[in-house]
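Student: First to last, the sequence lines map onto chains Z and E. Residue numbers for the first sequence follow my numbering, beginning at 11 and rising by one. Residue numbers for the second sequence follow my numbering, beginning at -1 and rising by one. The beta carbon of each residue, even a glycine, is placed where N, CA and C say it ideally should be. Dumping the structure here so I can ask a few things about it.
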Amino acid sequence: MADPVVELHGVSKAFGPVQALSDVSLRLVPGQVNCLAGENGAGKSTLIRVLTGALRRDSGSYEIDGRPVNTPTPASVRAAGVQAVYQELSLLPHLSVAENLFMGRLPARTGIIARGRLQASARKALDEVGLTELSPQAIVERLPAATRQLVEIAKVLTAESVKVIVFDEPTTALTEAESERLLQHILRLRERGIAMLYVTHRLEEMFEIGDWVTVLRDGGLSEAGPISGYDEDRLITAMVGREISSLYPETHRHAGTPALRVQGLRRFGGSPSIDLQVGAGEILGIGGLLGAGRSGLLLSIFGAAPIVAGQVEVGGKAVKPSGPRTMMNAGVGLLTEDRKVLGLLPELSIRENVTIASLRSGSRHGLLPGREQAEEADRLLDSLRLRAGSYDQPVSTLSGGNQQKVLLARWLLTKPKVLMFDEPTKGIDVGAKGELYTVIGDLAARGLGIIVVSSYLPELLGLADRILVLRDGAIAGELPGSATEEEVLRLASGSGGAEPPPAAEESPHDPGGVSRDA
Amino acid sequence: MPKLIWREPIETTTITNRPPTAEAGGTAETTDAAALETVPQPRQTAETKAEPRRRVITLGDIAGRESGGLVVLLVAIGALTLASDEFLTGNNLANLARQVAIFGIIAVGQLLVILTAGIDLSVGSILGLSGASTAQFLVAGMPILPSILLGVAIGTALGIVNGLLVTRALLPPFIATLGMLGIARGLVLVTTDAQTIQGVPDAFQVIANGTVLGIPNLLIIAAAITAVMWFVLARTVFGRYIYAVGSNPESARLAGVPVRMVTVSVYMISGLLAGLGGVLLASRLGAGIPTAGTGFELNAIAACVIGGASLFGAKGSAIGAATGALIMGVLNNGGNLLAINAFYLQIAIGVLILVAVGFDQLNTRRSAASG
């Protein structure tokens, strides 16, 4: 095998108490595409950030062209020839394509931009990635996502030295056809002898363009080898390779009367119609890849995002999801994925954060509710075992797990019939996770209808009685709670080749099918 | 920037059997990087370390916000009492109260807007328009009460327009109210032809210049408004909603807070109080002056900020805003008594704003670092 251009050996990285990477090695060889696989949170992003100099490794070695890199910075690593294309685009939306391509090193004479030279070099760079039609003067904001992704690649290629390109889920925002075009381009880059690290959730892409695969699991190296030695099953096993543990509550529940019923919900004109139902006392899991429309679905059901069609029934009564307030009054609660942006009121105290959704119902003549509500809030917080010095302190002083408990208490105080959790344990430490799982199980046992969206498969499978898998905004299939991670991944990534999951008796459709009626 | 998601290695048995309270200790061993095998241990040490610091912040945070302004106010009063024989005379205090009152009323209205992380630049112009309009109505022979109500209603209506521009047209508050600043001032100059409106009835002038039991009416009105606003902010659902909107409007919306209604309401109240301020100023001066209130918006904002309000929203109180207005009034009054060049006073107030906000930033950063 050829000499690697980049070699990481025994790299570890911890964030406070969390060991994000431990003893990971990675070789990038010229003219090869190395696919980095792993579940969400397996350490892929951290590894990329170490590679691009955005993070300092704690231990291990990092060599570029055989020379050790001791104190990498993003600039020095870029100068050494390691470039990255991110899933979240780094282009400046209001500027032109040409300006974006050469931002930071615009050709200029005495501070005045040399427009002619800029246009010419931009033209050349765009031609190189096949964007021969695109004007360098076009404003980035107005370009479709796929074109922007290609502009991003063109930008990377304009660097002085391009030995390695890291692609971090470049196809997440793209359609099938656009992805295909991008993959073809990556294959052309391979012919030019560039080493590439390709990160994706879509297994079929790995088999299409990969030469080598590196699988991470729980921050450590699971396996690595030529992709020819793998099939989908073996790859998934390498990614998952773990048993579901006693962390999760019992799942032997029986669903009662429907607590929430959604029929024919369409989020945009032309988007697939979605039907789902949650019984009282049931935990419905919703799985799917990043961008499959899981969070959007929850927001729509909660009335926080507009819908174009569909009926929602809560506890047998039809409700129009016209706003969060309406749905809240109907008995629906939503714990959002991004607590900081869509949940917490950081300047307000813990107790104020808990009572904010219940003020109106407990109020007389517009005055704040009396002591009873505050005491009920305190009791809820106590029962959730919130760890805080005082419930009067600002909620922003709490850790992630405790903040999540505050939001949970907020919704419990509204006495909901249905509670929806979007990535309930994201960024939460393990101890708090276990407690949250127990609480969610208890709530279901008390007869609430629960919906849990999670990217973390063990959690999804451990909690849910029934799992809906979304793909590209549509329901790709339904699985029982006893399903395996492989089955969920297969439905989610749309690799329909394998035999239909044996336990999915409620799902007569081909698991690769795009739509499904519940 | 790529989003960073990581997940900890799962060590189930240690978690489920662990008691909920974190025991202290084990700090020395866990500092060794090699010992970081199980997750729970280091987490405990982080928490035990954070605990005592948290308590300190809570104390400072609750006591700090308004007490800073009160301390400054008391120091200023003390210093002026020592430096000038005239300061603590009833005559001067009544004078001070009249100077500060209108200004305090506007500051309290401004505070509501600032609490929602907005800003109302139009209060000075609205004040001018309402005052001059009321004077015109009176001179035209309209009875006193309808004239006053109409003047206040003009301010309220323009406040509602501000609110709709912010919530419906989605203009940034700065721009919406900057536009209104120009519109309202232009309107008053057009309707009055830039002439002072004179000849308002004496009974109207009594409102702002009279006293009850020796206390100036203006002071009573301002104190009452401050008290009502304190009550609204501290004791009502609407008040709590204002803080919630200022803290994070999206979170508030998802918690069922009627964000638009709250936002329109605060601009409406700010406009209403500016209108009332205009009427009172016209009463005090016995005339409608088209240029009255020019620059008041900045003074009102300064009063809020000196009184502990944060322009990022959700921090501040009615008492704080009134205190801020008083501090500025006392400084001006003291400067007059001591015959200090008024230009120096402007510099002093500018420095005061910077110091007030600088301290606040320092506090925020300190609590963020330990939180």
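Check whether the Cβ atoms of Z/Leu136 and Z/Ala155 lie closer than 8 Å to each other.
Tutor: Cβ distance not < 8 Å, so Z/Leu136 and Z/Ala155 don't count as in contact.
Student: Could you confirm whether any beta carbon from chain E is found closer than 8 Å to the beta carbon of Z/Val351?
Tutor: Taking Cβ atoms only, chain E reaches closer than 8 Å to Z/Val351, which makes this a yes.
Student: Start and end of the alpha helix (DSSP H) containing E/Pro247?
Tutor: Taken as a continuous stretch (DSSP letters only), the alpha helix (DSSP H) holding E/Pro247 covers Pro247 to Leu252.
Student: If you drop the 5 nearest sequence neighbours on each side, which residues of the same chain put their C-beta closer than 6 Å to that of Z/Leu541?
Tutor: Residue 541 of chain Z cannot be examined here, being either before or after the span of chain Z that is shown, 11 to 528.
Student: For Z/Ala12, does the count of other Cβ atoms within 10 angstroms reach 16, so buried, or fall short, so exposed?
Tutor: Classification of Z/Ala12: exposed, given that the 10 Å Cβ count is below 16.
Student: What is the rounded straight-line gap between the Cα of Z/Glu201 and the Cα of Z/Gly41?
Tutor: Rounded to whole angstroms, Z/Glu201 to Z/Gly41 spans 6 Å at the Cα level.
Student: My output table needs one value for E/Ser82: the three-state DSSP class, helix, strand or coil.
Tutor: E/Ser82: coil per DSSP, three-state reduction.
Student: Could you compute how far the alpha carbon of Z/Ser32 sits from the alpha carbon of Z/His211?
Tutor: Z/Ser32 and Z/His211: Cα-Cα distance of roughly 21 Å.
Student: Identify the contact partners of Z/Pro356 in chain E, using a Cβ-Cβ distance below 9 Å as the criterion.
Tutor: Ordered by position in chain E, the residues that pass the 9 Å Cβ test against Z/Pro356 are Ser245, Asn246, Ser249 and Ala312.
Student: For Z/Lys327, list the residues DSSP reports as bridge partners.
Tutor: Z/Val324.
Student: Please list, in chain order, the chain Z residues whose beta carbon lies closer than 7 Å to that of E/Thr370.
Tutor: Outside the shown range of chain E (-1 to 369) lies residue 370 of chain E, about which nothing can therefore be said.
Student: Using C-beta distances below 6 Å, list every residue in its chain close to Z/Gly483, excluding the 5 sequence neighbours before and after it, in chain order.
Tutor: Excluding residues within five positions, the ones whose Cβ falls inside 6 Å are Ser281, Pro282 and Gly303.
Student: Could you pull the start and end residues of the beta strand (DSSP E) that Z/Met206 belongs to?
Tutor: Per DSSP, Z/Met206 belongs to the beta strand (DSSP E) from Ala205 to Val209.
Student: By DSSP, does Z/Pro268 sit in helix, in strand, or in coil?
Tutor: DSSP places Z/Pro268 in strand when its eight states are reduced to three.
Student: For a test of the three-state rule: what should DSSP assign to E/Thr25, helix, strand or coil?
Tutor: Its pLDDT being 38, under 50, E/Thr25 is placed unreliably in this model, and the coordinates cannot settle the point.
Student: By a C-beta neighbour count over all protein chains shown, 10 Å radius and 16 as the cutoff for buried, is E/Met326 buried or exposed?
Tutor: Per the 10 Å Cβ criterion, buried.
Student: Would you identify the three-state DSSP class for Z/Val15, choosing helix, strand or coil?
Tutor: Reduced to three states, the DSSP call for Z/Val15 is coil.
Student: If the cut is a Cβ gap below 9 Å, which residues of chain Z does E/Arg238 touch?
Tutor: What E/Arg238 touches in chain Z: Leu358, Glu362, Thr365, Ile366, Leu369 and Leu378.
Student: Pick from Z/Glu469, Z/Val342, Z/Val322 and Z/Gly140: whose alpha carbon is nearest that of Z/Lys436?
Tutor: Nearest of Z/Glu469, Z/Val342, Z/Val322 and Z/Gly140 to Z/Lys436, Cα basis: Z/Glu469.
Student: Counting only the same chain and skipping the five closest in sequence on each side, list residues whose C-beta sits under 8 Å from that of Z/Lys350.
Tutor: Same-chain partners within the cutoff: Pro356.
Student: Counting only Cβ pairs nearer than 8 Å, list the residues of chain Z close to E/Leu252.
Tutor: Here the neighbours are Phe312, Ala314, Pro334, Leu344, Thr346, Leu352 and Gly353.
Student: If contact is defined by three or more beta carbon pairs under 8 Å, each pair taking one atom from either stretch, is the segment 375 to 394 of chain Z in contact with the segment 326 to 337 of chain Z?
Tutor: Short answer: they don't touch.
Student: Going by DSSP in three states, E/Arg363 sits in which element: helix, strand or coil?
Tutor: Helix at E/Arg363.
Student: Assuming Z/Val150 and Z/Arg158 are in contact, meaning their beta carbons sit under 8 Å apart, how far apart are those beta carbons, in whole angstroms?
Tutor: With a Cβ gap of about 6 Å, Z/Val150 and Z/Arg158 count as contacting.
Student: By DSSP's criteria, Z/Val342 is part of a beta bridge. Which residues make up the other side?
Tutor: Its beta-bridge partners are Z/Val428.
Student: If I'm right that Z/Gly289 touches Z/Leu473 with Cβ under 8 Å, what's the distance once you round it to whole angstroms?
Tutor: Actually they are not in contact, since the Cβ atoms of Z/Gly289 and Z/Leu473 sit about 15 Å apart, beyond 8 Å.
Student: Are the C-beta of Z/Met338 and some C-beta of chain E separated by less than 8 Å?
Tutor: Yes, Z/Met338 lies at the interface with chain E (some Cβ there is under 8 Å from its Cβ).
Student: Measuring CB to CB, does E/Asn331 end up less than 8 Å from E/Leu80?
Tutor: It is not a contact, given that the beta carbons lie outside the stated cut-off.
Student: Taking CB distances under 8 Å as the criterion, tell me whether Z/Gly507 reaches chain E.
Tutor: Reliability fails at Z/Gly507, whose pLDDT of 42 lies under 50, so the model's placement of it is uncertain and the value that follows must be treated cautiously. No, no contact with chain E.
Student: With a cut-off of 8 Å, does the C-beta of Z/Ser373 fall near any C-beta of chain E?
Tutor: Closer than 8 Å to some Cβ of chain E, the Cβ of Z/Ser373 qualifies, so yes.
Student: Would you kindly work out how many angstroms separate the C-alpha atoms of E/Val353 and E/Ala138, rounded to a whole number?
Tutor: Looking at the two C-alpha atoms, the distance is approximately 48 Å.
Student: For Z/Leu226, which option in Z/Met249, Z/Ala442 and Z/Ser238 has the closest C-alpha, if you only look at C-alpha atoms?
Tutor: Of the candidates Z/Met249, Z/Ala442 and Z/Ser238, the one whose C-alpha sits nearest the C-alpha of Z/Leu226 is Z/Met249.
Student: From Z/Thr247, Z/Ile122, Z/Leu300 and Z/Val223, pick the residue whose C-alpha is nearest to that of Z/Leu480; which is it?
Tutor: Comparing Cα positions, the closest option is Z/Leu300.
Student: At the level of alpha carbons, what is the spacing between Z/Gly372 and E/Thr321?
Tutor: Each residue's alpha carbon lies about 33 Å from the other.
Student: When burial is assigned at 16 or more other CB atoms within 10 Å of the CB, is Z/Asp228 buried or exposed?
Tutor: Buried, by the Cβ-count rule.
Student: Tell me where the beta strand (DSSP E) around Z/Val92 begins and ends.
Tutor: Run containing Z/Val92: Val92 to Val95, per the beta strand (DSSP E) assignment.
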